[in-house]
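First comes the structure, then the notes that go with it.
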Amino acid sequence: MIELLARNWAWVLVRGAFTIIFGAMAVLWPGITLYVLIILFGAYAIVDGITAIAMGARRSRGRGVLIVMGVVGVVAGLIALFWPGISALALLYVIAIWAIISGLVSIVSGFGLSRDAGGRWLFVISGLAGVVLGILLLINPEEGAVALVVTIGFFAIIWGFFTVFTAVRLQRLAKELDARQDFADI
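With my numbering applied, the sequence shown corresponds to residues 2 to 187, in that order.
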């Protein structure tokens, strides 16, 4: 795998550059970025909801929880897609409520798991994180929307720089691999 990445280091570099550009746009123009995130959130919530419904339909126990979670996700996604002009405040409420409901479902699912070696606590902890995020967004929604976008922007910038750094290292590795191949051909 590392050899494949090394041979395609330029694509890793392009990915890193675009990630930095996205991050900078999110930090500099959080309003436009929020609109794009509305569309992405809508698509994600629909796919996540359909997946949860499909998983619930295949289970014999605990299916109701998954199906309810899936329906909530699909509805939240459809609201975001069909009314993209909805105010950031209204979308924030949708995301906050979705995070709380999804978090509660994860907590319940985690406690419902049988003796899983630590996996149940991952469900519980991720559920708690969702509930806390939702509550924080409800407490201070005006600043929450902008803060969420700017935070994502800074994260993307940092991630992008790490990706560019990785691409530079992969380029060096590609040169080493080429040198080894040239030596083996002799």
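No residue lacks a Cβ here, since even glycine has one placed at the ideal position from N, Cα and C.
Remember, predicted model here, so these are calculated numbers, not experimental data.
Quiz item: Relative to the alpha-carbon of Ala53, which residue among Val72, Val147, Trp10, Ile98 has its alpha-carbon at the smallest distance?
Solution: Within the sequence shown, the letter at position 52 stands for residue 53. For the residues Val72, Val147, Trp10, Ile98, the minimum Cα distance to Ala53 belongs to Val72.
Exercise. List the endpoints of the continuous alpha helix (DSSP H) containing Trp12.
Key: Here the question's residue 12 lines up with position 11 in the sequence shown. Counting along the chain, the alpha helix (DSSP H) containing Trp12 begins and ends at 10–29.
Quiz item: For the ligand FAD, any of its heavy atoms closer than 7 Å to the Cβ of Ala146?
Solution: Ligands displayed in this structure: none; no statement on the ligand FAD is therefore possible.
Quiz prompt | 8 Å Cβ shell around Arg64 - same chain, five flanking residues per side excluded | solution = Translated into positions along the sequence shown, residue 64 becomes position 63. Only Gly57, Ala58 meet the Cβ criterion.
Quiz item: From Thr167 to Ile158, what does the alpha carbon distance come to, in whole angstroms?
Solution: The count along the sequence shown starts at 1 and reaches residue 167 at position 166. The count along the sequence shown starts at 1 and reaches residue 158 at position 157. Thr167 and Ile158: Cα-Cα distance of roughly 14 Å.
Quiz item: To the nearest angstrom, how far is it from the Cα of Ile39 to the Cα of Tyr45?
Solution: Looking up residue 39 in the sequence shown gives position 38. Looking up residue 45 in the sequence shown gives position 44. Approximately 10 Å between the Cα atoms of the pair.
Self-check item: Residues near Val75 by beta carbon distance below 8 Å, same chain, minus five either side
Solution: Taking the sequence shown and counting its residues from 1, one reaches residue 75 at position 74. If we look at Val75 and ignore the five residues flanking it on each side, its Cβ neighbours are Ala46, Ile47, Gly50, Ile51, Ile54.
Practice problem: Report the three-state DSSP secondary structure of Ser110 (helix, strand or coil). | Solution: Translated into the one-based positions of the sequence shown, residue 110 becomes position 109. Ser110 falls in the helix class under three-state DSSP.
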